[in-house]
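K.L.:
Below is a structure I'd like to ask you about.
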Amino acid sequence: MKAAVLVFPGINRERDMARTLRLISGRDPAVIWHAETELPSGTDLVVIPGGFSYGDYLRCGAIAARSPVMDAVRSYAAGGGLVLAVCNGFQIACEAGLLPGVLMRNARLKFICRDIFLKVERSDTPFTRGYNAGQVIRVPTAHGEGNYIADADIIARLEGEGRVIFRYVGPDGTRDPAANVNGSTNAIAGIINERGNVLGMMPHPENHVEAAIGPTDGRGLFNGLVEALDRAA
Amino acid sequence: MKARVTVTLKSGILDPQGKAIEGALRSLGIVGVSSVRQGKVFDIEIDGSDRVKAEMLLTQAADKLLANTVIENFRVEVMG
Chain C
1 MKAAVLVFPG
11 INRERDMART
21 LRLISGRDPA
31 VIWHAETELP
41 SGTDLVVIPG
51 GFSYGDYLRC
61 GAIAARSPVM
71 DAVRSYAAGG
81 GLVLAVCNGF
91 QIACEAGLLP
101 GVLMRNARLK
111 FICRDIFLKV
121 ERSDTPFTRG
131 YNAGQVIRVP
141 TAHGEGNYIA
151 DADIIARLEG
161 EGRVIFRYVG
171 PDGTRDPAAN
181 VNGSTNAIAG
191 IINERGNVLG
201 MMPHPENHVE
211 AAIGPTDGRG
221 LFNGLVEALD
231 RAA
Chain F
234 MKARVTVTLK
244 SGILDPQGKA
254 IEGALRSLGI
264 VGVSSVRQGK
274 VFDIEIDGSD
284 RVKAEMLLTQ
294 AADKLLANTV
304 IENFRVEVMG
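Listed below in structure tokens is the structure:
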């Protein structure tokens, strides 16, 4: 795995992400500053990490999405390169047009910082091959604006094309309005683009990978990515 | 030239912040407010004095950055 982690002013989860990528793949990712106009050659995974790029000014992710490096990410994604966008990264990916929809203020207006449960809807993507379809995983979440919305046509397409990858559920995997922590449409926690190479998700799988710290349900995502990249190589 | 770009949420987009403000007004005893929707105002200074050019520039600015047209509408005014 030759990963590149993007860094924008105000991003604060890039070290957690880099640490996890190193732990799982055995290789340090490149850390790429937002003013770069190119990705390192041979990059096979771009990660847009979480944080508060530009202090969430204007709209979450709006300013970062217009950075020079994002032009490079757009052409990389257009060529089929894998992009994992987590939390603020998901907001940036939506603002950059890599994924449809918008992440609005949480419906109950509170910043949510705790473990939640996700149902993995599909296991046949490069991001989720380390899980079984229908599996429930426990991962942390930390955001104030994760309420996914899009117009009815886009939601219908996402659902119809199986592009909802993660959904907020109760611990037993059932849909429950109380488990939909931020009020997202259809409890959507993560989606994939049409081509299937860009995943955006609000929760933080990179923070649940070490038994010494707690649950390790996030490992599946990174193990799956390593496997998918090995097979493609 | 002075100009203003006003960004508002499209109708049908849920506005939790507006709802909270609405509730706060009610609890302050300000009655008769049936709904609040929060938007943004950008006061912008433009070089030169060509109004048509200024409007084009502001429309571009709003379209590219100031508004997310998936959820927001914008209005451009050049005030001279």
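First to last, the sequence lines map onto chains C and F. Letter 99 of the first sequence, counting from 1, is numbered 99 in this note's numbering, and no numbers are missing. Letter 18 of the second sequence, counting from 1, is numbered 251 in this note's numbering, and no numbers are missing. The C-beta atom is built at its ideal place from N, Cα and C for all residues, glycine as well. Only a predicted model underlies this, so the values are computations on that prediction, with no experimental measurement involved.
#1: For Leu298 (chain F), return the contacting residues in chain B, with the cut-off set at a CB-CB distance below 8 Å.
#2: Please decide whether Ile254 (chain F) counts as near chain C, where near means a Cβ-Cβ distance under 8 Å.
#3: What number of angstroms, rounded off, separates the C-alpha of Thr37 (chain C) from the C-alpha of Ser53 (chain C)?
#4: Within 10 angstroms of the Cβ of Pro245 (chain C), are there 16 or more other Cβ atoms? Answer buried if so, exposed if not.
#5: Would you mind telling me which residues of chain C sit closer than 8 Å to Asn301 (chain F), beta carbon to beta carbon, in chain order?
#6: Name the two residues that bound the continuous beta strand (DSSP E) containing Gly200 (chain C).
#7: For the stretch 72-113 of chain C, which segments carrying the alpha helix (DSSP H) assignment without a break, of at least 4 residues, lie completely within its bounds, in sequence order?
#8: Please classify Gln293 (chain F) as buried or exposed, where buried requires at least 16 other C-beta atoms within 10 Å of its C-beta.
#9: With 8 Å set as the bound, which would you pick, yes or no: does the beta-carbon of Gln293 (chain F) sit closer than that to a beta-carbon of chain C?
#10: Please report how far the alpha carbon of Ser268 (chain F) lies from the alpha carbon of Arg59 (chain C), in whole angstroms.
#11: Just to confirm my understanding: we take Val314 (chain F), look at its own chain, exclude 5 residues before and 5 after, and list those with CB closer than 6 Å. What are they?
#12: Could you tell me whether the stretch 186-200 of chain C touches the stretch 87-104 of chain C, using the rule of 3 or more Cβ pairs below 8 Å?
#13: May I have the straight-line CA-CA distance separating Met312 (chain F) from Gly134 (chain C), to the nearest angstrom?
#14: Please confirm if Ile279 (chain F) has its CB atom under 8 Å from at least one CB of chain C.
#15: Residues of chain C with CB under 8 Å from Ile304 (chain F), in chain order?
#16: Does DSSP classify Gly265 (chain F) as helix, strand or coil?
#17: Determine which residues of the stretch 158-173 of chain C have a Cβ less than 7 Å from any Cβ of chain F, and write them out in chain order.
#18: What does DSSP give as the partner residue(s) for Ile149 (chain C) in the beta ladder?
P.N.:
On the basis of the supplied data:
#1: Annotation note: the requested chain B is absent from the structure, which comprises protein chains C and F.
#2: Judged by the 8 Å Cβ criterion, Ile254 (chain F) is not in contact with chain C.
#3: Separation of Thr37 (chain C) and Ser53 (chain C) (C-alpha to C-alpha, rounded to the nearest whole angstrom) is 18 Å.
#4: The shown model of chain C, from 1 to 233, leaves out residue 245 (chain C), and the question about it has no answer.
#5: Chain-ordered, the chain C residues with CB closer than 8 Å to the CB of Asn301 (chain F) read Arg59, Ala62, Glu95 and Val102.
#6: For Gly200 (chain C), the uninterrupted beta strand (DSSP E) segment begins and ends at Val198 to Met201.
#7: Those alpha helix (DSSP H) runs which fall completely within the stretch 72-113 of chain C and span 4+ residues are 88-95.
#8: Classification for Gln293 (chain F): exposed.
#9: Using beta-carbon distances, Gln293 (chain F) does not count as an interface residue toward chain C, since no partner is under 8 Å.
#10: Taking the straight line from one Cα to the other gives about 23 Å.
#11: Absent from the structure is residue 314 (chain F), since the part of chain F shown begins at 234 and ends at 313.
#12: Cβ pair count under 8 Å is three or more, so yes.
#13: Answer to the nearest angstrom: the Cα atoms are 57 Å apart.
#14: No, no contact with chain C.
#15: Think of a sphere of 8 Å around the beta carbon of Ile304 (chain F): the chain C residues whose beta carbon falls inside it are Val102, Met104 and Ile149, in chain order.
#16: Gly265 (chain F): coil per DSSP, three-state reduction.
#17: Residues of the stretch 158-173 of chain C that bring their beta carbon within less than 7 Å of a beta carbon in chain F are absent altogether.
#18: BP columns for Ile149 (chain C) point to C:Val102.
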